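Chemist: For the record, the sequence lines run as chains H and R.
Residue numbers for the first sequence follow the working numbering, so the first one is 12 and each next one is one higher.
Residue numbers for the second sequence follow the working numbering, so the first one is 71 and each next one is one higher.
Beta carbons: idealized from backbone N, C-alpha and C, even for Gly.
Here the structure is a predicted model, which is why all the values come from computation and not from measurement.
Here's a structure for you.
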Amino acid sequence: MQTNPGLKQIDRYRFLLPTAYRKGMRIEGLIIADETLMAQISRDQTIEQVANVASLPGLVGRSLAMPDAHQGYGFCIGGVAAADAAEGIVSAGGVGFDINCGVRLLRTPYRDTDVLPRLDSLIERLFRDIPCGTGRKSRFPLDPSGMDGVLAQGASWAVSGGYGTAEDCAHIEDGGCLPGADPAAVSPRAKERGMIQLGTLGSGNHFLEIQAVEQIYDAPLAARFGLAEKSIAVLIHSGSRGLGHQVCTDYLDIMQTAMQKYRLSVPDRQLASVPVHSAEGRSYLGAMAAAANFAFANRQMITHLTREAFSAILGSGNLPLVYDVCHNIAKTEEHRVDGARKRLLIHRKGATRAFPAGHPALQGEFAGTGHPVLIPGSMGTASYVLVGTDRAMEETFGSSCHGAGRLMSRTQAKRETTPEELLTAMNRKRILVRGESKGGLVEEKPDAYKDVDHVVDVIHGAGIARKVARLIPLAVMKG
Amino acid sequence: MQASFSLVEHPSDLGIEARGATPAEAFEQAACGLIAVILDPATVVKNEKRSIEVEAADMGQLLVRWLSELLYLYDAKHFIAGSIRIEQLGDRSLRASVWGEQYRPPRAGTRCDVKAVTYHQLSLRSDTDGTVLRVFLDI
Chain H
12 MQTNPGLKQI DRYRFLLPTA YRKGMRIEGL IIADETLMAQ ISRDQTIEQV
62 ANVASLPGLV GRSLAMPDAH QGYGFCIGGV AAADAAEGIV SAGGVGFDIN
112 CGVRLLRTPY RDTDVLPRLD SLIERLFRDI PCGTGRKSRF PLDPSGMDGV
162 LAQGASWAVS GGYGTAEDCA HIEDGGCLPG ADPAAVSPRA KERGMIQLGT
212 LGSGNHFLEI QAVEQIYDAP LAARFGLAEK SIAVLIHSGS RGLGHQVCTD
262 YLDIMQTAMQ KYRLSVPDRQ LASVPVHSAE GRSYLGAMAA AANFAFANRQ
312 MITHLTREAF SAILGSGNLP LVYDVCHNIA KTEEHRVDGA RKRLLIHRKG
362 ATRAFPAGHP ALQGEFAGTG HPVLIPGSMG TASYVLVGTD RAMEETFGSS
412 CHGAGRLMSR TQAKRETTPE ELLTAMNRKR ILVRGESKGG LVEEKPDAYK
462 DVDHVVDVIH GAGIARKVAR LIPLAVMKG
Chain R
71 MQASFSLVEH PSDLGIEARG ATPAEAFEQA ACGLIAVILD PATVVKNEKR
121 SIEVEAADMG QLLVRWLSEL LYLYDAKHFI AGSIRIEQLG DRSLRASVWG
171 EQYRPPRAGT RCDVKAVTYH QLSLRSDTDG TVLRVFLDI
């Protein structure tokens, strides 16, 4: 296996990137991977990007990469970085364009045998009712006051409008509403993009999947999360759509200009950063929280449409949330660093919060279990429900991987496989696929990604998160 | 240098390399590249004209803002450009006319959605042969 010679393997699942790796690194890097994944990670610029992040001022602990890490733009995807909340920096690129891109898992009262005979009608109905792909308009267009409500309140805005229940919000990271949201910090242009996109899935790697629980690893915990073998679940992957993209675009520009004022320089312009407590930093965090709330509301509206489709086709739309997690976010959290408790701004770029049982931020039913950590696989492969551990708190600022992680460029994926070949392969696996764009489908083909089972085995083996359940896809819709 | 563009592979996203005898030509080609990522440019009907003006602090930001402007028109206004003419290009400002159509899905020739234009490994090189630009997109 070819791995980067600058890395030092600590144990089976950990590679350290010393500060001596490259001039300018202020903190060490740590990559959670085994030798196989490390060889894949070493093929692109991921390690350089971990080093780039480690060069940013005001970070504490280590610049982290999860086992699904791959080259992104600025930060690697699968990256986690912690800034001192008082003296550190915030980076718009460290959150990314799709602010609060995330996943939510719904459970259903159905078993696989109930759903399989109607699966075709069900996925057709979902595909008809949930706008996906490019340019399809929302079924819930917003006026300016509605937009401000969404930005300030997140999922609870949708619930107060009748699109869900209070129980839903209790099963979302941060209750479905990030504190500190400032609708006034979101540009008119960003709002304009969002007005016509609430309750739309989008395209790229976003999807909705009907899944069956295939294997349970931790029966008591799976029961607490409401997951039983052969039961049917729905996984929704979407984010803040054009609104979030525009917020990031706007603040990248603002931060680049402001960096000169704060005498900051970064190794890649996409890493543009400002002090957390600067006017620009506070404004970004207010806009980012607002965009995150838009994403929570977006997934809530998609949930509503999903429930309606299940009700129409199968008779019951009783689909409670298992949980909803963010993948791209910056959040103020308390962590122990060198023996002292510190308030930190945790950037998770393609990473999932994984707080274990007993974490003070978890109230209600997850206080004694830890919250579910949702790991979607690639199209046609398994997804997982995990739970965080104390070791994640010690080592990764309570963070885990977020998926399988790309292995192959989109261009290569399209070069290697035709849409017809992909659909035949899915058909052979008896997975129904509905996609708006054939080219887009091929870009998301399973072998364009790492093996999700292996990625999850590594995060489990490293002791960062434990396996609770494995789900397999029955039908998928993609934009 | 012949005006042209090509797509550049990236492990998760996609880049555009645009070339031209002048910076203005290369900027036009970068826009053509962006449109070709989104859909088949040959299918765009040019029945509507839009004027675009962009300002920035430097050439790099100008390139990102120029492409971001086209993306905004597409995402918010559902306007897709098929033909592009840069009328004026300075170090910090740009004026262009674009011709295209209102995008109405489902639409044949659609390829993929672009989330945003990034500053990642952004590069602009000009010499006596012409200008070469490289910009990466978030897909």
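Buried or exposed for Ile491/H, please, with buried defined as at least 16 other CB atoms from any protein chain shown within 10 angstroms of its CB.
Modeler: The displayed coordinates of chain H run from 12 to 490. Any statement about residue 491/H would go beyond what the structure contains.
Chemist: Return the chain-ordered list of same chain residues with a C-beta closer than 7 Å to the C-beta of Asp45/H, the five sequence neighbours on each side being excluded.
Modeler: Excluding positions up to five away in sequence, the list reads Arg23, Tyr24 and Val469.
Chemist: Using beta carbons (cut-off 9 Å, strictly below), is Arg225/R in contact with chain H?
Modeler: Residue 225/R falls outside the range modelled here, since chain R spans only 71 to 209, and no answer is possible.
Chemist: Hey, could you find the ends of the alpha helix (DSSP H) Cys2/H is sitting in?
Modeler: Since the first and last residues shown for chain H are 12 and 490, residue 2/H lies out of range.
Chemist: Using a C-beta cutoff of 9 Å, does Ala146/R count as contacting chain H?
Modeler: yes
Chemist: Along chain R, in chain order, which residues have C-beta atoms closer than 9 Å to that of Gln281/H?
Modeler: Thr188, Tyr189, His190, Gln191, Leu192 and Phe206
Chemist: So which residues on chain R does Asp55/H lean against when the C-beta distance must stay under 8 Å?
Modeler: Pro81
Chemist: I need the straight-line Cα distance from Glu405/H to Arg204/H, nearest angstrom please.
Modeler: 40 Å
Chemist: Tell me, which residues are paired with Met81/H by DSSP?
Modeler: A small fix is needed here, since residue 81/H is His in this sequence, not Met. The partner list for His81/H (beta bridge, DSSP) reads Ile88/H.
Chemist: Okay, do the region 226–236 of chain H and the region 475–482 of chain H touch, 3+ Cβ pairs below 8 Å being the bar?
Modeler: yes
Chemist: Are there 16 or more other CB atoms within 10 angstroms of the CB of Asp335/H, so buried, or fewer, so exposed?
Modeler: buried
Chemist: Considering only heavy atoms of the ligand ZN, does any lie closer than 8 Å to the CB of Cys337/H?
Modeler: Annotation note on the ligand ZN: not contained in the displayed structure, which lists no ligands.
Chemist: Flag Asp45/H as yes if its beta-carbon sits less than 9 Å from any beta-carbon of chain R, otherwise no.
Modeler: With 9 Å as the cut-off, Asp45/H does not count as an interface residue toward chain R.
Chemist: Say whether chain R places a C-beta atom closer than 9 Å to the C-beta of Gln13/H.
Modeler: Note on Gln13/H: pLDDT 49, under 50, position unreliable in the model; no value is reported.
Chemist: Kindly say whether Tyr84/H, judged by its beta-carbon, lies nearer than 9 Å to any beta-carbon of chain R.
Modeler: yes
Chemist: Compute the Euclidean distance between the alpha carbons of Ser251/H and Ala298/H, then round it to the nearest angstrom.
Modeler: 12 Å
Chemist: With a threshold of 8 Å on Cβ separation, who are the neighbours of Val71/H within its own chain once the five nearest residues in sequence on each side are excluded?
Modeler: Excluding residues up to 5 positions away in sequence, Ile38, Ala93, Ala94, Asp95, Gly99, Val348, Lys353 and Leu355 lie with their Cβ nearer than 8 Å to the Cβ of Val71/H in the same chain.
Chemist: For Gly130/R, tell me which candidate among Leu164/R, Ser121/R and Ala146/R has the shortest Cα-Cα distance.
Modeler: Leu164/R
Chemist: Start and end of the alpha helix (DSSP H) containing Ala272/H?
Modeler: Going by the sequence as given, residue 272/H is Lys instead of Ala. DSSP places Lys272/H inside the alpha helix (DSSP H), whose first and last residues are Arg252 to Lys272.
Chemist: What is the DSSP secondary structure of Asn339/H, counted as helix, strand or coil?
Modeler: Residue state, collapsed to three classes: strand.
Chemist: In the DSSP output, what is Lys360/H paired with across the bridge?
Modeler: Gly90/H and Asn339/H
Chemist: Between Leu232/H and chain R, is the shortest Cβ-Cβ distance under 9 Å, so that the two count as touching?
Modeler: no
Chemist: Rounded to the nearest angstrom, how far is the Cβ of Val91/H from that of Ser410/H, given a contact under 8 Å?
Modeler: 5 Å
Chemist: Measure from the alpha carbon of Ile458/H to the alpha carbon of each residue in Gly490/H, Pro484/H and Thr392/H, then state which is nearest.
Modeler: In the sequence under discussion, the amino acid at residue 458/H is Asp, which differs from the Ile named in the question. Comparing Cα-Cα distances from Asp458/H to each of Gly490/H, Pro484/H and Thr392/H, the minimum goes to Thr392/H.
Chemist: Inspect the beta-carbon positions of Arg120/R and Val184/R and report whether they are closer than 9 Å.
Modeler: no
Chemist: Go to Ala151/R, then tell me how far its beta strand (DSSP E) extends in each direction, as first and last residue.
Modeler: For Ala151/R, the enclosing beta strand (DSSP E) has its first and last residue at Phe149 to Leu159.
Chemist: Would you say Asp109/H reaches chain R, if we count a Cβ-Cβ gap shorter than 9 Å as a contact?
Modeler: yes
Chemist: For Pro367/H, write down the residues that DSSP places opposite it in a beta bridge.
Modeler: DSSP output for Pro367/H lists Gly381/H as bridge partner(s).
Chemist: Mind checking Asp185/H: buried by the 16 CB within 10 Å criterion, or exposed?
Modeler: buried
Chemist: Can you name, in chain order, every residue of its own chain whose Cβ lies under 7 Å from the Cβ of Gln13/H, other than the five neighbours on each side?
Modeler: Caution is warranted here: a pLDDT of 49 is assigned to Gln13/H, below 50, making its placement in the model unreliable, and the coordinate value is therefore given only provisionally. Excluding residues within five positions, the ones whose Cβ falls inside 7 Å are Ala50 and Ser53.
Chemist: Should the region 290–308 of chain H be regarded as contacting the region 250–266 of chain H, the criterion being three or more beta carbon pairs within less than 8 Å?
Modeler: Flag = yes, the region 290–308 of chain H and the region 250–266 of chain H touch.
Chemist: For chain R, is any of its Cβ atoms less than 9 Å away from the one on His413/H?
Modeler: no
Chemist: Out of curiosity, what's the CA-to-CA distance linking Ala223/H and Ala244/H?
Modeler: Each residue's Cα considered, the two are about 6 Å apart.
Chemist: Starting from the C-beta of Pro430/H, find all residues in its chain whose C-beta is less than 8 Å away, skip the five residues before and the five after it, and write them out in chain order.
Modeler: Lys449, Gly450, Leu452 and Val453
Chemist: Do Pro142/H and Ile47/H come within 9 Å of each other at the CB atom, strictly closer than that value?
Modeler: Sequence check: residue 47/H is Thr here, not Ile. No, they are not a contact pair.
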